[in-house]
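**Q** For the sequence shown, the positions run 90 to 264 when the numbering used here is used. Beta carbons: idealized from backbone N, C-alpha and C, even for Gly. All values derive from a computational prediction rather than experimental measurement. A single structure is presented below for examination.
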Amino acid sequence: LQPLKEETMREILKNMHFLFAENQRDVESSANTDVELHTTVHVRHVALTQMKRCLLAYLFHRLQCIKEMRWSFGSVLSPDLKASMSEQEQQWFQRYSNNLADYMSSIGGGVGLDLMKYRNPPKSLYIQVRCLEDYGDFETEDGTCIVLTKNSTHFLERSQCEKLIHQGILQHVTT
Numbered sequence: 090l091q092p093l094k095e096e097t098m099r100e101i102l103k104n105m106h107f108l109f110a111e112n113q114r115d116v117e118s119s120a121n122t123d124v125e126l127h128t129t130v131h132v133r134h135v136a137l138t139q140m141k142r143c144l145l146a147y148l149f150h151r152l153q154c155i156k157e158m159r160w161s162f163g164s165v166l167s168p169d170l171k172a173s174m175s176e177q178e179q180q181w182f183q184r185y186s187n188n189l190a191d192y193m194s195s196i197g198g199g200v201g202l203d204l205m206k207y208r209n210p211p212k213s214l215y216i217q218v219r220c221l222e223d224y225g226d227f228e229t230e231d232g233t234c235i236v237l238t239k240n241s242t243h244f245l246e247r248s249q250c251e252k253l254i255h256q257g258i259l260q261h262v263t264t
């Protein structure tokens, strides 16, 4: 994330205030029949609108980058990333992190669900796994009983064997 271009933003806002003041002055002092003045006011108004759109697009892009950093790096940012953010962006990041943490802890029947773990959907519902140690009988959700012995290979639903993979009992075999 690049540092916020505050000076450039201030200069654009200053130009916008100037153009707006010029339009106000011309509209208040002119007769309704002056076509050239109407064209000038319209051109200034279009310039104001474009400047506003550019500023909003720049700020929106920064917020999208900050949101992506939350999903990529978690709730703690490195000092160099914080240095490139404004105070308001840092506050927004903290509020976003808190809201995300509150949401993750509220779903799953009070147990919570770590959405950071499952950012991308699985490529397939079934995976091939190898048993790393003797585990014994494993009953799947449909009632099928599978004997997990050391070095045995099985083709199971990903959702049913993920816990055993995290415990180190099964290993996902990639070919």
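1) Distance check for A190 and R219, CA to CA, integer angstroms please.
2) Roughly how many angstroms lie between the CA atoms of L87 and G201, to the nearest whole one?
3) Are E176 and L214 closer than 9 Å when you measure CB to CB?
4) Quick check on E230: does DSSP put it in helix, strand or coil?
5) Rounded to a whole number of angstroms, what is the C-alpha to C-alpha distance between L144 and R99?
6) Could you spell out where the alpha helix (DSSP H) holding Q217 opens and where it closes?
7) Tell me which residues share the same chain as Y185 and place their Cβ nearer than 7 Å to its Cβ, disregarding the 5 neighbours each side in the sequence.
8) Between which two residues does the beta strand (DSSP E) containing Q91 stretch?
9) Using alpha carbons as the reference points, say which of L137, V132, T128 lies closest to H106.
10) Which residues bound the alpha helix (DSSP H) around L126?
11) In whole angstroms, what is the alpha-carbon distance linking T263 and Q217?
12) Can you tell which of G199, Q260, L152 has its C-alpha closest to the C-alpha of Q180?
13) Count the other C-beta atoms from every protein chain shown that fall within 10 angstroms of the C-beta of L102, then say buried if there are 16 or more, exposed otherwise.
**A** Reading it off the structure:
1) By one-based count along the sequence shown, residue 219 stands at place 130. By one-based count along the sequence shown, residue 190 stands at place 101. In a straight line, the C-alpha of R219 is about 34 Å away from that of A190.
2) Because the chain here runs from 90 to 264, residue 87 falls outside it and cannot be looked at.
3) Walking along the sequence shown from the start, residue 176 turns up at place 87. Walking along the sequence shown from the start, residue 214 turns up at place 125. Against a cut-off of 9 Å, the Cβ pair of L214 and E176 comes out as no contact.
4) Counted from its first residue, the sequence shown places residue 230 at position 141. DSSP places E230 in coil when its eight states are reduced to three.
5) Within the sequence shown, the letter at position 55 stands for residue 144. Within the sequence shown, the letter at position 10 stands for residue 99. Cα to Cα, L144 sits roughly 10 Å from R99.
6) The residue given as residue 217 occupies position 128 in the sequence shown. No alpha helix (DSSP H) contains Q217, which is instead part of the beta strand (DSSP E) from 215-220.
7) Here residue 185 refers to the residue found at position 96 of the sequence shown. Answer for Y185: K156, R159, listed in chain order.
8) Position 2 of the sequence shown holds residue 91. Per DSSP, Q91 belongs to no beta strand (DSSP E) and is neither H nor E.
9) Taking the sequence shown and counting its residues from 1, one reaches residue 106 at position 17. Residue L137 is the option with its Cα nearest to H106.
10) Here residue 126 is taken as the residue at index 37 of the sequence shown, counted from 1. Unbroken alpha helix (DSSP H) run through L126: 124-162.
11) One-based indexing of the sequence shown puts residue 263 at position 174. One-based indexing of the sequence shown puts residue 217 at position 128. The straight-line gap from Cα to Cα measures roughly 7 Å.
12) Locating residue 180 in the sequence shown gives position 91, counting from the first residue. For Q180, the nearest C-alpha among the options comes from L152.
13) By 1-based counting over the sequence shown, the position of residue 102 is 13. With fewer than 16 other Cβ atoms within 10 Å, it is exposed.
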